[in-house]
Amino acid sequence: MQVSDAGSPAAEAIRLRLADAWGAMGAAWGVAPAIARVHAYLMTRQAPLTEREVREALGLSHRAASLALADAEAWGLVEKIPEPRRVGRRGPAGAAYQAVGDHWLWFGRVVAERKVREGDPIIDVLEATSRDVAEAAAANPADQDLVHLTEW
C-alpha cells in the first residue's frame with residue numbers, strides 16, 4: 822500500500838494531525854514522540870501496515886520508523902504480524918504492524934512499563950537511602966542533620 826492508498830485525503834490529513842498531537846502528548850507520558858506518532862497512526866488505520874507504509878505516511882527515515890515500531894512493540898502498543906498482502910514477491914517474509922485493539926490493554930501496558938522504567942528504580946534508591954540514613958544516624962546520634970534526615 823502506498824501513502825496514496827491511505828483513503829481520502831481528508832481522512833489522511835486527520836490521521837496525520839492526530840499522530841502529531843499524540844506524539845506531543847506522548848512525551849508527557851514518557852513515550853518518545855516518534856513512538857506515540859506511530860501508535861496513533863496505526864490506531865486510525867483499518868488494516869496492518871508495513872514499516873515502509875508507516876515511514877512514508879509519517880515522513881520518517883527508515884531507521885526512525887524501524888526503531889519507533891520496535892519500541893512501540895516493546896511498550897505493548899503495537900503487534901507485529903506476518904504481512905497479509907505479500908503475494909508473488911521473493912525474499913524474506915515481510916511483517917506488518919497493527920495497534921493493539923483493546924485501548925485499556927495498551928494503556929495498562931504503558932502504565933506498567935512506566936512503573937518498571939521510572940517507579941521501581943526510584944523506590945530502590947529511596948529504600949537504600951533510608952537504610953543509609955538509619956545506619957548513619959544510629960552511629961552518630963548527636964548529628965542533628967542525620968537525625969532530621971530520618972524524619973522526612
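Under my numbering, the residue at position 14 of the sequence shown is numbered 835, and the numbers go up by one with no gaps.
Virtual Cβ for every residue (Gly too), placed ideally from N, Cα, C.
Got a sec? Which residues, its chain only, sit under 8 angstroms from residue i by beta carbon, not counting five neighbours each side?
i    : result
A958 : D964, L967, V968, L970, T971
G847 : A853, P854, I856, A857, R858, H860
For a quick check, are the C-beta atoms of residue i and residue j less than 8 angstroms apart?
i    : j    : result
E904 : A917 : yes
A920 : H860 : yes
L879 : A840 : yes
Excluding the 5 residues preceding and the 5 following residue i in the sequence, name in chain order all residues of the same chain whose CB lies nearer than 6 angstroms to its CB.
i    : result
W850 : none
V954 : L970, T971
Which value, in whole angstroms, describes the spacing of the CA atoms of residue i and residue j?
i    : j    : result
L881 : V931 : 23 angstroms
H924 : I835 : 20 angstroms
E872 : T865 : 16 angstroms
A893 : G844 : 12 angstroms
G929 : A895 : 14 angstroms
A842 : P962 : 55 angstroms
L837 : I944 : 38 angstroms
Q867 : D941 : 36 angstroms
Tell me the residue span of the alpha helix (DSSP H) that contains residue i.
i    : result
P903 : Taken as a continuous stretch (DSSP letters only), P903 belongs to no alpha helix (DSSP H), being part of the beta strand (DSSP E) at 899–903.
* Inter-stretch contact (C-beta, 8 angstroms, three-pair minimum) for the stretch 848–867 and the stretch 921–937 -> Touching, yes.
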